[in-house]
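Notes follow once the structure below has been shown.
Chains as they are written, first to last, in my numbering: chain C, 1 to 326; chain H, 1 to 369.
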């Protein structure tokens, strides 16, 4: 095990904290914390995906992006991550090296360090190849308090780009489907984009990354938390035509499809234009769009004005996304 | 997307809505049944009811294959899946349907049964070839649309000499269901015309509907599944009603021909035989309404191979699914709707499949309630 750690993890992820080879990482308090100008942010997430490699990423990059993004949704700055690996006996070393390398690259690009970690091996048949948990810490300024319960009637709803790419990319790789597509996962670290957004629209009420359950699940969550309704404009939704096609074919809704590099922003209508312009300046926000508004609704429904001219509910996804018969 | 966007055009929808409003005769109602769950889904998803005058009453028919499969057949599928050495392959939306005691295939799977979601019968064939030490049973359900693929799978299995593949056949017939509905002569069912399922007619053509126009003087319009298709079909039916005509018209001419797909019909005739009767959820026992596997292919018949016994199981007495699939009640008439029965915790089959009337109303239209 010690050799595995040296060969694979330390070689790829090495940094002064990890290189101390202690059971913990000891880190000086960031200045903002010691001077009480900021607060600590903490988050953790586990990654149990299949397949482990997909167009646009793998479980390693996803494990970094996922936790970095969860931290960044506070409006703060992610700083350090931990990584826990649960390997199934017999997992190919070459795959592990590839995954760890991609974690290292993702961490470097996101400007965070993986400072401590853990590895366990379980018997064959007791795991699905590889599970990864990452936890992270960061700092958010005292002046910011973004939250899902802060939506106000009239707020604009924005997203930084096309919807549902990750979920469709993963589906396309599953054995049973295996359709050919050029759709790549959108997996990426959003902390850079979010730093710009906070600067341009300091009164953002909430940021959320619409991962599992898609945009529909996230909007329903925040509508309930804030006790408001949301109306989307179908015409305004940024969608890749290949994603629309795959969803038509499979009988699923892109609004239920997962994203791993998207952020939904809720801000006062007066700041929406400036925020949209700022998002579009960033490489991860070029296709940003204003997709809807927050309304007063005692039922807390998420609804959509369809391009067809009708109105419908945008509901939570129940259970797994199951394809329809005909 | 080409061939899709054209049929979801909002401006054209407004034009059709105006034409429908213009043609609606004052002082009368139009009771139009969309047979198929695909149409029910489209009506709810695109909010078509907002575009129709109040005098056009859409009645949701029994054409959701998930909704009409009786509990006894679901129990039989669960029983098959739980037998040692069996892998049961099923289309996705059968998995959540509750059988007896709220048990579903999904719950059986969680308890250890090997149940796989397939998109195509060919996936099941491939699985059978790859796992010769397991019995692969395909849980075949659906109307004439999904029947030819089942036939093709059996033919392929025969060609490949697969001994470990069989089909639990639950295929049912559209014209027989309409016949069963009309024969039930429930005075509460009012019907001025039928929107017929186009994918079924892509296989069977138009002719099997002749008895409804000739014997029952009911107009039928075979309709595509895009929202403009449905609106145009409503207009075509209204015009037939207004003019006293009862004809079989084809709105979905871009895919449906008068004679249908004769190759598929031949294949079905070769590999299936008509059952004397079959139990439908909602309609009860309907004569000549379902298919069994023909004796020449009985090696592929899971019912024979595994000696499947089906019991008749009564529905939850508070659930109105039976009356909803007969077009007598609307989802909101059911006491359970949206209270104890939701897509997360479905009491009846109409809440399970996204094509079921209750699920379509709940998921897309409950703000209207």
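For each residue, glycine too, the CB sits at the ideal point set by N, CA and C.
CA nearest to the CA of residue i, picked from the options
i	options	result
residue 255 of chain H	H:217, H:235, H:203	H:203
residue 297 of chain H	H:303, H:271, H:278	H:271
residue 253 of chain C	C:22, C:171, C:164	C:164
residue 286 of chain H	H:184, H:225, H:157	H:184
residue 279 of chain H	H:264, H:71, H:331, H:120	H:71
residue 370 of chain H	H:353, H:33, H:43	Any question about residue 370 of chain H goes unanswered here, given that chain H covers just 1 to 369.
residue 162 of chain C	C:241, C:133, C:49, C:61	C:241
residue 200 of chain C	C:223, C:229, C:268, C:216	C:268
residue 266 of chain C	C:197, C:234, C:308, C:235	C:197
residue 299 of chain C	C:227, C:207, C:93, C:79	C:227
residue 182 of chain C	C:66, C:190, C:79, C:170	C:170
residue 195 of chain H	H:277, H:223, H:18	H:223
residue 118 of chain C	C:23, C:248, C:246	C:23
residue 274 of chain C	C:302, C:156, C:189, C:314	C:156
residue 125 of chain H	H:307, H:56, H:332, H:157	H:157
residue 405 of chain H	H:151, H:113, H:97, H:258	A query on residue 405 of chain H cannot be resolved here, the shown segment of chain H reaching from 1 to 369 and no further.
residue 319 of chain H	H:330, H:335, H:16, H:214	H:335
residue 153 of chain H	H:340, H:264, H:49	H:264
residue 218 of chain C	C:287, C:302, C:192, C:247	C:302
Pairwise C-alpha distance: residue j and residue i
i	j	result
residue 349 of chain H	residue 144 of chain H	20 Å
residue 291 of chain C	residue 11 of chain H	21 Å
residue 100 of chain C	residue 86 of chain C	13 Å
residue 26 of chain H	residue 20 of chain H	12 Å
residue 2 of chain H	residue 245 of chain H	35 Å
residue 57 of chain C	residue 327 of chain H	50 Å
residue 204 of chain C	residue 140 of chain C	14 Å
residue 202 of chain C	residue 212 of chain C	27 Å
residue 184 of chain C	residue 149 of chain C	33 Å
residue 52 of chain C	residue 59 of chain C	5 Å
residue 267 of chain H	residue 192 of chain H	34 Å
residue 81 of chain C	residue 15 of chain C	12 Å
residue 4 of chain H	residue 90 of chain C	48 Å
residue 305 of chain H	residue 269 of chain H	22 Å
residue 363 of chain H	residue 168 of chain C	22 Å
residue 222 of chain C	residue 159 of chain C	15 Å
residue 257 of chain C	residue 50 of chain C	15 Å
residue 155 of chain H	residue 101 of chain H	37 Å
residue 170 of chain H	residue 139 of chain H	8 Å
residue 173 of chain C	residue 251 of chain C	17 Å
residue 32 of chain H	residue 253 of chain H	21 Å
residue 296 of chain C	residue 264 of chain C	19 Å
First and last residue of the uninterrupted alpha helix (DSSP H) at residue i
i	result
residue 65 of chain C	59-72
residue 267 of chain C	From DSSP, residue 267 of chain C is part of no alpha helix (DSSP H) but of the beta strand (DSSP E) over 264-267.
residue 43 of chain H	37-45
residue 326 of chain H	Segment: none, residue 326 of chain H is in no alpha helix (DSSP H) and carries neither H nor E.
residue 16 of chain C	16-19
residue 204 of chain H	198-204
residue 86 of chain C	Note, residue 86 of chain C: premise wrong, no alpha helix (DSSP H); beta strand (DSSP E) at 77-88.
residue 274 of chain H	Segment 272-274 is the beta strand (DSSP E) holding residue 274 of chain H; no alpha helix (DSSP H) there.
Host beta strand (DSSP E) of residue i (start-end)
i	result
residue 113 of chain C	113-122
residue 63 of chain H	56-63
residue 86 of chain H	86-90
residue 305 of chain C	302-305
residue 311 of chain C	311-313
residue 45 of chain C	38-47
residue 114 of chain H	114-117
Nearest-angstrom Cβ-Cβ length linking residue i and residue j, presumed shorter than 8 Å
i	j	result
residue 108 of chain H	residue 78 of chain H	5 Å
residue 248 of chain H	residue 206 of chain H	5 Å
residue 218 of chain H	residue 23 of chain H	In fact, because the Cβ distance is near 19 Å, the residues do not count as touching under 8 Å.
residue 63 of chain H	residue 174 of chain H	7 Å
residue 13 of chain C	residue 103 of chain C	7 Å
residue 206 of chain C	residue 146 of chain C	5 Å
residue 98 of chain H	residue 346 of chain H	6 Å
residue 307 of chain C	residue 8 of chain H	7 Å
residue 310 of chain C	residue 51 of chain H	7 Å
Going along the region 239-257 of chain C in order, which residues come within less than 7 Å of chain H, judged by CB to CB distance? 241, 244, 245, 248
Residues, ordered as in the chain, of the region 239-266 of chain H that lie near chain C by beta-carbon distance below 8 Å: none
Any C-beta of chain C within less than 9 Å: which residues of the region 39-52 of chain H qualify? 41, 44, 45, 46, 47, 48, 49, 50, 51
Of the residues that make up the region 304-321 of chain C, which ones have a beta carbon closer than 7 Å to any beta carbon in chain H? 306, 307, 308, 309, 310, 311, 312, 313, 315, 318, 319
In chain order, what residues of the region 288-302 of chain C put their CB closer than 9 Å to some CB of chain H? 297, 299, 301
Listed in chain order, which residues of the region 214-236 of chain H have Cβ atoms closer than 7 Å to some Cβ of chain C? 227
Near-chain C residues of the region 164-189 of chain H (beta-carbon distance less than 7 Å), N- to C-terminal order: none
Could you run through the region 306-335 of chain H and flag, in chain order, every residue whose CB is less than 7 Å away from some CB of chain C? none
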